[in-house]
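In this note's numbering, each residue carries its 1-based index in the sequence shown increased by 2.
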Amino acid sequence: MRRILLVEDESIVRMDIALILEEQGYIISGEAGDGEEGVEMAFKLEPDLIIMDIKMPKLNGLKASKIISQKLSVPILLLTAYSQQQYIDKAKESNIVGYLVKPVAEGQLIPAVEIALHQAEVSSRYKQEIKEADERLQKRKIVEKAKGILMERFGYSEDVSFNKMRKLSMDKQISIDMVAKHILKKYSSRTLEKTSK
Ligand SMILES: [Mg+2]
């Protein structure tokens, strides 16, 4: 179930959009009537998508989007009147994935929402893959470092160091990078500094 936060100061517009979305099976997890409230609710609810009006009291939709985008990677669809399209170019640093021109028709709203959600999913999967690759690299670096410590401290060859670590890992039933961490922790920080350079 995809949860959407609606931020729009005109309650009639909000209601219209909420009705269309709910009919299509989306959940409106919150409705805010101005930019400030929109930011608060975004942080509290962490929705899958935000539909955000530009012209609103207290805080406009562009500023609110920018604040939200600094903390959350939630996609934002802007609601705009024709005269406001000029602002959209200024919104590049925010997670704004598109805009809808009011009055919003169902045939326009649903595809825009679908595309925004799909793009967000793809990009979050991509970010996750990068994160995992980075974690693997970090683990490999730790194992290399620990191996270096064993070689230096005990005069083992590279193979022997690695085999000792692997044996420990199997005996203790912990991953080899955990073994490496223990080795790094156990032996002096001087050795650690030397090997990390
Ligand atoms: Mg407005």
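Just so it is clear, CB atoms sit at the ideal spot from N, CA and C, and this is done for glycine as well.
Whole-angstrom C-beta distance between residue j and residue i, which should lie under 8 Å
i, j, result
"residue 42", "residue 8", "Incorrect: roughly 14 Å between the Cβ atoms, too far for contact."
"residue 79", "residue 53", "5 Å"
"residue 44", "residue 70", "5 Å"
"residue 40", "residue 66", "5 Å"
"residue 176", "residue 145", "Actually they do not touch by this definition, with Cβ atoms about 13 Å apart."
"residue 51", "residue 124", "Residue 51 to residue 124, Cβ: 14 Å. No contact."
"residue 112", "residue 82", "Going by Cβ atoms, the distance from residue 112 to residue 82 rounds to 18 Å, so no, they are not a contact pair."
"residue 2", "residue 186", "Nothing in the structure corresponds to residue 2, since the chain is present only between 3 and 199."
"residue 149", "residue 167", "7 Å"
"residue 11", "residue 59", "6 Å"
"residue 27", "residue 61", "Going by Cβ atoms, the distance from residue 27 to residue 61 rounds to 30 Å, so no, they are not a contact pair."
"residue 96", "residue 129", "Not confirmed; about 17 Å, so no contact."
"residue 75", "residue 126", "7 Å"
"residue 29", "residue 106", "About 18 Å separates the two Cβ atoms, so there is no contact after all."
Cβ-based burial, residue i [other Cβ within 10 Å; buried from 16]
i, result
"residue 98", "buried"
"residue 169", "exposed"
"residue 3", "exposed"
"residue 16", "buried"
"residue 77", "buried"
"residue 163", "buried"
Local conformation of residue i per DSSP, three classes
i, result
"residue 47", "helix"
"residue 181", "helix"
"residue 34", "strand"
"residue 1", "Outside the modelled stretch of the chain, which goes from 3 to 199, sits residue 1, for which no answer is possible."
"residue 103", "strand"
"residue 54", "strand"
"residue 61", "coil"
"residue 5", "strand"
"residue 176", "coil"
"residue 80", "strand"
"residue 196", "For residue 196, the predicted structure reports a pLDDT of 48, less than 50, and the residue's modelled location is therefore unreliable. A value from the coordinates is still provided. Helix."
"residue 157", "coil"
For residue i: DSSP bridge partner residues
i, result
"residue 11", "Paired residue(s): none; residue 11 is not in a bridge."
"residue 29", "5"
"residue 98", "78"
Measuring from each Cβ to the nearest heavy atom of ligand 1, keep the ones under 6 Å and list them in chain order.
Those residues having their beta-carbon less than 6 Å away from any non-hydrogen atom of ligand 1 are, in chain order, 11, 12, 55, 57, 58.
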